[in-house]
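FYI, in my numbering the residues of the sequence shown are 1311 to 1456.
Below: the structure, in structure tokens.
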Amino acid sequence: MGKIRKENIANCRLTFDEVEDMAMQGGTMPRGLDLMNQAAYLALRNIYAAYRTRKITREQAQTEKRMVQNRYIKQRENERFFRELTVRKLQRGIAAQEKEKEILFKLKDGLCVEKEALECIGLLLGDACFTGTALMRIKEREERGK
1311 MGKIRKENIA NCRLTFDEVE DMAMQGGTMP RGLDLMNQAA YLALRNIYAA
1361 YRTRKITREQ AQTEKRMVQN RYIKQRENER FFRELTVRKL QRGIAAQEKE
1411 KEILFKLKDG LCVEKEALEC IGLLLGDACF TGTALMRIKE REERGK
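What follows is the structure, encoded as structure tokens:
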């Protein structure tokens, strides 16, 4: 593997193989690694150190390395999924959220919605003011109906 560029470390653009190459050398953990790269680096560095000092067998080292690698890949896939999900949600925009809120506010007269349920809806929408606004609109609707 070639020399790892500092901007790749700072931008978390490292592959598992690059993290492994750094860990294999056994030096100090590079600055700027994100949490997943730090965890992989430290785990791999410890595996290599334990193998070099004959505390674990080659087979055990390979098994543990595969475990770290599988978890690393799975975590990166999860991060990518949630990043894409967040981008899609942002792309939907405020207008779509407002439309969802309006649908939720069109409650039938006399329908009693618990405050906890409204708080959950607010959390799902990412709107801290949703609960208060919903309760206010329900109260206004009830007063108009009297």
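All residues carry an ideal CB built from backbone N, CA and C; glycine is no exception.
All values derive from a computational prediction rather than experimental measurement.
(message) Does the contact criterion of 3 or more C-beta pairs under 8 Å hold for the stretch 1357 to 1364 versus the stretch 1329 to 1342?
(response) yes
(request) For Val1397, count neighbouring Cβ atoms within 10 angstroms of its own Cβ and tell me buried if that reaches 16, exposed if not. (result) exposed
(request) Leaving out five residues on either side along the sequence, give the residues of the same chain with a beta carbon under 7 Å from the beta carbon of Leu1352. (result) Met1339
(request) Can you tell me which of the three DSSP states Thr1443 falls into? (result) helix
(request) Take Gly1336 and list the residues in its own chain whose beta-carbon comes closer than 7 Å to its own, dropping the five residues that flank it on each side. (result) Arg1355, Tyr1358, Ala1359
(message) I'd like to check one pair, Phe1326 with Gln1372: are the Cβ atoms closer than 8 Å?
(response) no
(message) Using only the alpha-carbon positions, how far apart do Arg1364 and Lys1375 sit?
(response) 16 Å
(message) DSSP three-state label for Met1339, please.
(response) coil
(message) Please report the straight-line C-alpha distance between Asp1344 and Cys1439, rounded to a whole angstrom.
(response) 33 Å
(request) Please say whether Ala1444 and Leu1433 have beta carbons closer to each other than 8 Å? (result) no
(request) Specify, as a first and last residue, the run of the alpha helix (DSSP H) that Leu1352 falls within. (result) 1345 to 1362
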